[in-house]
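*Asks:* Take 104 as the starting number for the sequence shown in my numbering and just add one per residue.
Glycine included, each C-beta is placed from N, C-alpha and C at the ideal position.
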Amino acid sequence: MSKKMVLSASIAALLASTAVVQADAMADLEAAAKAEGMLTTIALPHSWCGYGDVIAGFKAKYPEIAVNELNPDAGSADEVEAIKANKGNTGPQAPDVVDVGLAFGPSMKEEGLLQPYKVSTWDEIPDSIKDADGYWYGDYYGVMSFIVNKDLVANTPADWADLMKPEYAGQVALAGDPRASNQAILGVLAAGLSKGAAAGEAAGNAGLEYFAELNKAGNFVPVIGKAGTIAQGATPITIAWDYNALAWADELAGNPPVEIVVPSTGVLAGVYVQGISAYAPHPNAAKLWMEYLYSDEGQNLWLKGYCHPARFNAMSAAGKLDADAMAKLPPAASYEAAYFPTLDEVNANKAAVTGGWDSVVGANVQ
């Protein structure tokens with residue numbers, strides 16, 4: 104037998120033994136999670152990125168584990184506070200896992216609020232959106248968009264500058280409180296980018312000035328936009344992640360008809376990250392939840408929910424992406440100009456927006 108054949112046989116044996124070890128480890132994790140019998144989540148609206156199907160899929164695969172859902176409409180800052188408030192609590196109000204904006208992952212790690220865990224598909228998560236030690240890891244992303252109630256808005260705005268027009272008086276809203284919601288905080292960043300400011304503190308400040316002007320003009324509505332407020336006419340034009348807008352369109356089912364636009368400038372991509380609470384009452388169920396989210400099944404469910412999953416590139420190369428789900432996403436051209444801010448830029452923007460919203464804009468979003 105040649106040296107090459109011996110080497111090939113050795114590699115094959117190593118891979119086989121590694122697969123056995125991984126299977127054994129997964130079986131042990133499943134058994135431990137089932138013994139705990141519960142997983143407590145927080146801030147997971149079922150329409151957000153397809154979370155309804157994701158939660159249902161996890162329940163179907165692991166019926167022995169009850170999913171306790173806390174405060175589905177909470178923002179990233181609320182998730183942080185929920186962990187802090189329940190450090191010594193092992194009851195149903197203590198979250199096991201969080202899904203937060205990119206800027207919140209590192210800050211939660213620094214505060215000792217997260218515990219490390221690397222899923223079995225870890226190597227396929229891009230290095231730029233994960234903590235090297237496994238404390239937090241990106242799971243999906245989308246781009247900022249406008250969703251427009253066509254019963255109330257005759258002319259669909261194509262860009263940020265259009266929202267300043269008098270015809271949009273009392274019609275423009277953010278999908279969250281910009282002092283606490285990652286979605287809204289990054290909506291301000293996107294507006295700042297559209298004004299030509301560099302991502303980070305500069306765009307945050309430019310975005311604050313933009314919303315101050317929008318508010319002064321009477322176009323900004325201090326109401327948190329979602330499907331219900333869009334349908335009611337309270338927020339006819341809502342600035343939200345594309346996957347939320349697309350899910351709301353499905354939910355509304357033409358009543359009222361809506362149009363979704365990715366603005367022509369200030370096209371911002373936003374990554375959300377997962378993490379396990381350092382004080383998780385059900386740590387094994389939390390780890391099993393992460394394994395499910397980053398499995399082929401979980402990643403394709405994000406795609407079905409109109410999100411781009413973290414393992415998108417690796418799964419695309421391997422032919423693992425759901426073709427039907429891919430066909431329902433907006434045209435690829437809408438994403439070509441998307442800017443992915445660095446973690447430092449996201450953090451600098453967050454500090455500027457949360458610190459300056461009240462003094463610069465002065466609108467109490469609720």
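Taking the alpha carbon of ASP399 as the point to measure from, which residue in ILE228, PHE314, SER179, ALA436 has its own alpha carbon closest?
*Replies:* Here residue 399 refers to the residue found at position 296 when the sequence shown is read from its first residue. The option with the nearest alpha carbon to ASP399 is ILE228.
*Asks:* Mind checking LYS268: buried by the 16 CB within 10 Å criterion, or exposed?
*Replies:* Along the sequence shown, read from residue 1 onward, the residue named residue 268 stands at position 165. LYS268 comes out exposed.
*Asks:* From LYS164 to GLY191, what does the alpha carbon distance come to, in whole angstroms?
*Replies:* The residue given as residue 164 occupies position 61 in the sequence shown. The residue given as residue 191 occupies position 88 in the sequence shown. Their Cα atoms are separated by approximately 30 Å.
*Asks:* My output table needs one value for GLU172: the three-state DSSP class, helix, strand or coil.
*Replies:* As a position in the sequence shown, residue 172 is number 69, starting the count at 1. The answer is strand: DSSP assigns GLU172 an E or B state.
*Asks:* Any contact between the region 321-337 and the region 202-210? By contact I mean 3 or more CB pairs, one from each, below 8 Å.
*Replies:* No, they do not touch.
*Asks:* How many angstroms separate the CA atom of VAL449 from the CA atom of ALA306?
*Replies:* Taking the sequence shown and counting its residues from 1, the one referred to as residue 449 is at position 346. Taking the sequence shown and counting its residues from 1, the one referred to as residue 306 is at position 203. The straight-line gap from Cα to Cα measures roughly 10 Å.
*Asks:* Would you kindly work out how many angstroms separate the C-alpha atoms of THR259 and ASN189, rounded to a whole number?
*Replies:* Working through the sequence shown from its first residue, we reach residue 259 at position 156. Working through the sequence shown from its first residue, we reach residue 189 at position 86. Taking the straight line joining both Cα atoms gives about 45 Å.
*Asks:* Pick from LEU147, ASP230, ALA466, GLY153: whose alpha carbon is nearest that of LYS319?
*Replies:* Taking the sequence shown and counting its residues from 1, the one referred to as residue 319 is at position 216. Selected option, being the one with the closest Cα: ALA466.
*Asks:* Using DSSP with H/G/I as helix, E/B as strand and the rest coil, what is SER380?
*Replies:* Looking up residue 380 in the sequence shown gives position 277. In this structure, SER380 counts as strand in the three-state DSSP scheme.
*Asks:* Looking at the secondary structure, which residues open and close the alpha helix (DSSP H) in which ASP427 lies?
*Replies:* As a working mapping, residue 427 is identified with position 324 in the sequence shown. Here the alpha helix (DSSP H) through ASP427 covers 426-430.
*Asks:* Are the Cβ atoms of ALA261 and SER367 separated by less than 8 Å?
*Replies:* Residue 261 sits at position 158 when you count from the first residue of the sequence shown. Residue 367 sits at position 264 when you count from the first residue of the sequence shown. Taking 8 Å as the Cβ cut-off, ALA261 and SER367 qualify as a contacting pair.
*Asks:* Any idea what DSSP makes of VAL222, helix, strand or coil?
*Replies:* Locating residue 222 in the sequence shown gives position 119, counting from the first residue. Coil.
*Asks:* Give me the Cα-Cα distance between TRP344 and SER248, rounded to the nearest whole angstrom.
*Replies:* Counted from its first residue, the sequence shown places residue 344 at position 241. Counted from its first residue, the sequence shown places residue 248 at position 145. One C-alpha to the other measures close to 6 Å.
*Asks:* If we ignore side chains and look at the alpha-carbon of each, how far apart do ASP199 and THR224 end up?
*Replies:* Mapped onto the sequence shown, residue 199 falls at position 96. Mapped onto the sequence shown, residue 224 falls at position 121. Those two C-alpha atoms are separated by around 21 Å.
*Asks:* In three-state terms, what does DSSP make of THR332?
*Replies:* Here residue 332 is taken as the residue at index 229 of the sequence shown, counted from 1. Note: THR332 maps to helix in three-state DSSP.
*Asks:* Residues in the same chain with beta-carbon distance under 6 Å from LEU118, minus the five sequence neighbours each way, listed in chain order, please.
*Replies:* Here the question's residue 118 lines up with position 15 in the sequence shown. Residue placement at LEU118 cannot be trusted, given a pLDDT of 43 that sits under 50; what the coordinates show is reported in the next sentence. Excluding sequence neighbours, LEU118 sits near nothing in its chain.
*Asks:* Any idea if GLY194 is buried or exposed, counting beta-carbon neighbours within 10 angstroms, 16 or more meaning buried?
*Replies:* Numbered from 1 along the sequence shown, position 91 holds the residue referred to as residue 194. That one is exposed.
*Asks:* Between the alpha carbons of LEU349 and ILE363, how many angstroms are there, rounded?
*Replies:* For the purposes of this step, residue 349 is taken as the residue at position 246 of the sequence shown. For the purposes of this step, residue 363 is taken as the residue at position 260 of the sequence shown. Cα to Cα, the separation comes out at about 7 Å.
*Asks:* Cα-Cα, which of PRO434, ALA128, LYS390, ALA301 is closest to ASP447?
*Replies:* Counting from one through the sequence shown, the residue named residue 447 turns up at place 344. It is ALA301.
*Asks:* State yes or no: is the C-beta of TRP405 within less than 8 Å of the C-beta of GLY153?
*Replies:* Position 302 of the sequence shown holds residue 405. Position 50 of the sequence shown holds residue 153. Yes.
*Asks:* Give every residue of the same chain whose Cβ lies closer than 7 Å to the Cβ of VAL256, excluding the five residues on either side of it in the sequence, and list them in chain order.
*Replies:* Against the sequence shown, residue 256 aligns to sequence position 153. Excluding sequence neighbours, VAL256 sits near GLN274, PRO339, ILE340.
*Asks:* For the beta strand (DSSP E) that THR341 lies in, which residues bound it at each end?
*Replies:* Here residue 341 corresponds to residue number 238 of the sequence shown, with the count starting at 1. Taken as a continuous stretch (DSSP letters only), the beta strand (DSSP E) holding THR341 covers 340-344.
*Asks:* Can you have a look at THR445 and say buried or exposed, based on whether 16 or more other CB atoms are within 10 angstroms of its CB?
*Replies:* Taking the first residue of the sequence shown as 1, we reach residue 445 at position 342. THR445 is exposed by the Cβ-count criterion.
*Asks:* Can you tell which of TYR395, LEU424, VAL370, ALA420 has the C-alpha that lies nearest to the C-alpha of LYS407?
*Replies:* Walking along the sequence shown from the start, residue 407 turns up at place 304. If we check each option's Cα against that of LYS407, LEU424 comes out closest.
*Asks:* Where does LEU255 fall in DSSP's three states?
*Replies:* The count along the sequence shown starts at 1 and reaches residue 255 at position 152. Coil at LEU255, not helix or strand.
*Asks:* Rounded to whole angstroms, what's the CA-CA distance from GLY373 to ASN358? Just pull it up for me.
*Replies:* Here residue 373 is taken as the residue at index 270 of the sequence shown, counted from 1. Here residue 358 is taken as the residue at index 255 of the sequence shown, counted from 1. Answer to the nearest angstrom: the Cα atoms are 29 Å apart.
*Asks:* I believe SER284 touches GLY178 by the beta-carbon criterion, under 8 Å. Please report the beta-carbon distance rounded to the nearest angstrom.
*Replies:* Position 181 of the sequence shown, counted from the first residue, corresponds to residue 284. Position 75 of the sequence shown, counted from the first residue, corresponds to residue 178. Confirmed, about 4 Å.
*Asks:* Entirely within the region 124-183 and at least 3 residues each: give me those beta strand (DSSP E) ranges in chain order.
*Replies:* Segments of the beta strand (DSSP E) lying fully in the region 124-183: 141-145, 169-173.
*Asks:* With DSSP run on the structure shown, which of helix, strand or coil describes SER248?
*Replies:* Walking along the sequence shown from the start, residue 248 turns up at place 145. The answer is strand: DSSP assigns SER248 an E or B state.
*Asks:* Starting from VAL365, trace the alpha helix (DSSP H) both ways and give me its first and last residue.
*Replies:* By one-based count along the sequence shown, residue 365 stands at place 262. Here VAL365 belongs to no alpha helix (DSSP H), and DSSP marks it neither H nor E.
*Asks:* Return the CA-CA distance between GLY310 and ASP265, expressed in angstroms with no decimal places.
*Replies:* What you label residue 310 is simply residue 207 of the sequence shown in a count that begins at 1. What you label residue 265 is simply residue 162 of the sequence shown in a count that begins at 1. Taking the straight line from one Cα to the other gives about 15 Å.
*Asks:* Applying the criterion that 16 or more other CB atoms from any shown protein chain within 10 Å of the CB defines a buried residue, is GLY44 buried or exposed?
*Replies:* No statement about residue 44 is possible, as the shown extent of the chain runs from 104 to 469 and does not include it.
*Asks:* How long is the line joining the alpha carbons of ALA128 and ALA134, rounded to whole angstroms?
*Replies:* For the purposes of this step, residue 128 is identified with residue 25 of the sequence shown, where counting begins at 1. For the purposes of this step, residue 134 is identified with residue 31 of the sequence shown, where counting begins at 1. For ALA128 and ALA134, the distance between alpha carbons rounds to 10 Å.
*Asks:* Smallest Cα separation from LEU317: which of ALA185, THR457, LEU277?
*Replies:* Reading the sequence shown from its first residue, position 214 is the one you call residue 317. Looking at the Cα atoms, LEU277 is the closest of the given residues.
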